[in-house]
Amino acid sequence: MTGTGHAPGVRRRRLSAALRRLRAEAGLSSPEVAKELGWSPTKVTRAERNEWRRPAVKDVEAILTLYGVKGEERAHLLSLTEEARGRSDWHKYADLFTGPLPDLEAEAVRIRSYEALLIPGLLQTPDYAAAIFESSQIVPPENTQRKVESRMARRSVLDAPNGPRFVSVIDEAALRRVVGSPKVMVEQLCFLAGMAAHYKVTVLVLPFESGAHPAVEGAFALLDFPSPEPGIVSISTGAESLYVEDEAYVDRHTLIFDGIHNLALDPKKSLDLIESIAAEYDKRA
């Protein structure tokens, strides 16, 4: 699976954002829009919050007519609606994701992530990912294999012609935490070292010696999209994922990432440490 540039989940997000903006520009409240269109207030709210699976073209047409949207902008938004109604490449795994992460990754031009306890999902091996899911009290055992498959499939975005650049800062603790077994860790760290040579991937290790740092609150990812689309902060708790577009929130996490990026080892020293820890595991495997 590769990014096509037409991820329906991202299109729905953009459409919802446009409808929020247009209502504000029209000077109307959600209840006023609902009354004019003969809808329930919750229908308007759900559309603007991207709480719909397949937006109806006739509904979007009605909204645009009410707001007086014409010409190229109207045509663009109706085209966006058609794309938002499509099926994602990930539809067969839809029940496994708590949000539009695969679509967001496929649409992003750059992903910057910080992981405090685990290797980032895009860089995990099958056995490492399986060990995580098997130890979870959230993932049913019967879903483990499909979860692993979906995680491995996500990595194809890095090989897509229009795929994102991936900058990953990984805490040393994640390298030293034994997930599965020492043998699993040898394979995982060797794979991580190999991915560090990928032309779209940068792997940096935040060493223990860095002490307290700006990202002590935990892991997160910043996803940047083609201008003028706003960036997103993604935070996963394991049970659920949170996606925040608020500009101040994105700016704050950009500063945090810049801070840990400056504290991390450079790519060469990071690779040396990864290989050194892999050698330690190899002696125990």
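Residue numbers for the sequence shown follow full-length UniProt numbering, so the first one is 1 and each next one is one higher.
We put the beta carbon where it would ideally sit given N, CA and C, even for glycine.
Task: DSSP-derived helix/strand/coil call for Gly9 - done: Under the three-state reduction of DSSP output, Gly9 falls in the helix class.
Task: Which of helix, strand or coil DSSP assigns to Ile170 - done: In the structure shown, Ile170 sits in a strand (DSSP, three-state: E or B).
TODO: Please report how far the alpha carbon of Ile235 lies from the alpha carbon of Lys268, in whole angstroms.
DONE: 28 angstroms
- [ ] Rounded to whole angstroms, what's the CA-CA distance from Ser168 to Arg85? Just pull it up for me.
- [x] 33 angstroms
Open item on the list: Do Leu263 and Arg177 count as a contact pair if the criterion is CB distance below 8 angstroms?
Closed with: no
Task: Nonlocal neighbours in the same chain, by C-beta distance under 8 angstroms from Glu134, ignoring five residues either side - done: Pro141, Thr144
- [ ] Measure the C-alpha to C-alpha separation of Gly259 and Ile274 and round it to an integer number of angstroms.
- [x] CA-to-CA, the gap between Gly259 and Ile274 works out to about 21 angstroms.
- [ ] State buried or exposed for Thr237, treating a residue as buried only when at least 16 other CB atoms are found within 10 Å of its CB.
- [x] A residue is called buried when at least 16 other Cβ atoms come within 10 angstroms of its Cβ; Thr237 does not meet this threshold and is exposed.
Task: DSSP state of Ser234 mapped onto helix, strand, coil - done: strand
Open item on the list: Using only the alpha-carbon positions, how far apart do Val201 and Arg112 sit?
Closed with: 10 angstroms
- [ ] Leaving aside the five residues before and after Ser210 along the sequence, list all residues of the same chain whose C-beta is less than 7 angstroms from its C-beta, in chain order.
- [x] Excluding sequence neighbours, Ser210 sits near Leu263.
Open item on the list: Under 8 angstroms: do the segment 204 to 219 and the segment 245 to 258 share three or more Cβ pairs, one atom per stretch?
Closed with: yes
Task: Local conformation of Ser241 per DSSP, three classes - done: It is a strand residue.
Task: 8 angstroms CB neighbourhood of Arg46 in its chain, flanking five on each side removed - done: Around Arg46: Trp52.
Open item on the list: With H, G and I counted as helix, E and B as strand and the rest as coil, what does DSSP make of Ile111?
Closed with: strand
Open item on the list: Does Ala165 come out as helix, strand or coil in the three-state DSSP assignment?
Closed with: The question names Ala, yet the displayed sequence has Arg at residue 165. Note: Arg165 maps to strand in three-state DSSP.
- [ ] Rank Ala221, Trp39, Asp272 by C-alpha distance to the C-alpha of Leu101 and give the top, closest one.
- [x] Minimum Cα distance to Leu101 is reached at Ala221.
Task: Segment limits, alpha helix (DSSP H) that includes Val201 - done: Val201 -> not in any alpha helix (DSSP H); beta strand (DSSP E) instead, spanning 201 to 206.
Open item on the list: Can you tell me which residues form a DSSP beta bridge with Asp224?
Closed with: Arg110
Open item on the list: Using the Cβ count rule (16 or more neighbours within 10 Å means buried), how would you classify Gly3?
Closed with: With a pLDDT of only 42 at Gly3, under the threshold of 50, the placement of this residue in the model should not be trusted; the figure read from the coordinates follows. Under the 10 Å beta carbon count, Gly3 is surrounded by 16 or more other beta carbons and is classified as buried.
Open item on the list: Extract the residue ranges of the beta strand (DSSP E) inside the UniProt domain "HTH cro/C1-type" (19 to 74), only unbroken runs of 3 or more that lie entirely within it.
Closed with: none
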